[in-house]
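According to the working numbering, the residues represented by the sequence shown are 640 to 831, in order. Step one of this worksheet: look at the structure below.
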Amino acid sequence: MDDNMIIKQLKVLLEPINNNLNEMRTDIRELKEDMKVVKGEVSELKEDVKVLKGEVSELKEDVSKLKEDVKVLQEELGVLKEEMKKLQKEINVLNKKFEFIQKEVNVLKEEVRVVRIQIYRLAENVSKLENELLITKERVDVIQEMQTKKIIPGLELIEQCYLDTFERYKASVEDYNVMKTDISVLKMIVAE
């Protein structure tokens, strides 16, 4: 979870409190306006005592309403304080989560750094292997050239010599067999 997400969640959590505070401000403004009216009425009451008696009862009603409003405001303020405590706890939890996430991000950054180093080393090794492969290919090309220009012609010459020798040997063996037959015939003739 990134910082922006946490801030958005906090804004969502704080929005009801802000709304309640705005309502309280409006109520307090209204109360201030009512108080101005009351002050004006009190000064008029000093000037006219008879009117004052009638308005005192109205003021008592207004004051009791104000007391009720203040009581309601105090209750709402108590609720707001409780909500603020809950929010503070949630903020503390979020701070701990953020710290944990920050640590995890730092660990991930370190792992990424290590992986980058490993990738760099692998790239160096691949480059070395490519160079070695190029050298090996050049050597193989030299060997193939030597094979086609020197070794294969030499082998063909050796093959031809062996074939010639084989043909002479084969002819010699046939002559030997003919001689052997002739000797056998001579032995028979001599023996008769």
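Don't be surprised by glycine CBs; every beta carbon is placed ideally from N, CA and C.
Which class does E669 belong to by DSSP, given the choice of helix, strand or coil? Indexing the sequence shown from 1 puts residue 669 at position 30. Residue state for E669 is assigned as helix, using DSSP reduced to three classes.
What residue range does the alpha helix (DSSP H) around D803 cover? Sequence index remark: in the sequence shown, residue 803 carries index 164 (1-based). Counting along the chain, the alpha helix (DSSP H) containing D803 begins and ends at I791 to A830.
For R664, which option in V702, A810, L712 and E831 has the closest C-alpha, if you only look at C-alpha atoms? Residue mapping note: residue 664 aligns to position 25 of the sequence shown, counting from 1. Residue L712 is the option with its Cα nearest to R664.
With three or more C-beta pairs closer than 8 Å as the rule, is the region 727-743 touching the region 641-661? Pairwise C-beta distances place the region 641-661 in contact with the region 727-743, as three or more of them are shorter than 8 Å.
Write down the C-beta distance between L652 and L719 rounded to the nearest angstrom, noting that I regard them as a contact closer than 8 Å. Position 13 of the sequence shown, counted from the start, is the residue given in the question as residue 652. Position 80 of the sequence shown, counted from the start, is the residue given in the question as residue 719. Not really, about 13 Å apart at Cβ, beyond 8 Å.
How do the region 697-705 and the region 748-757 stand: do at least 3 beta-carbon pairs fall below 8 Å, yes or no? Because the criterion of three Cβ pairs below 8 Å is not met, the region 697-705 and the region 748-757 do not touch.
DSSP three-state assignment for D641, whether helix, strand or coil: As a first step, residue 641 must be located in the sequence shown, where it is residue number 2. D641: coil per DSSP, three-state reduction.
At the level of alpha carbons, what is the spacing between K789 and S766? Here residue 789 corresponds to residue number 150 of the sequence shown, with the count starting at 1. Here residue 766 corresponds to residue number 127 of the sequence shown, with the count starting at 1. Their Cα atoms are separated by approximately 34 Å.
CB E722 to CB I667, shorter than 8 Å? The sequence position of residue 722 within the sequence shown is 83, counting from 1. The sequence position of residue 667 within the sequence shown is 28, counting from 1. Not a contact, by the Cβ cut-off of 8 Å.
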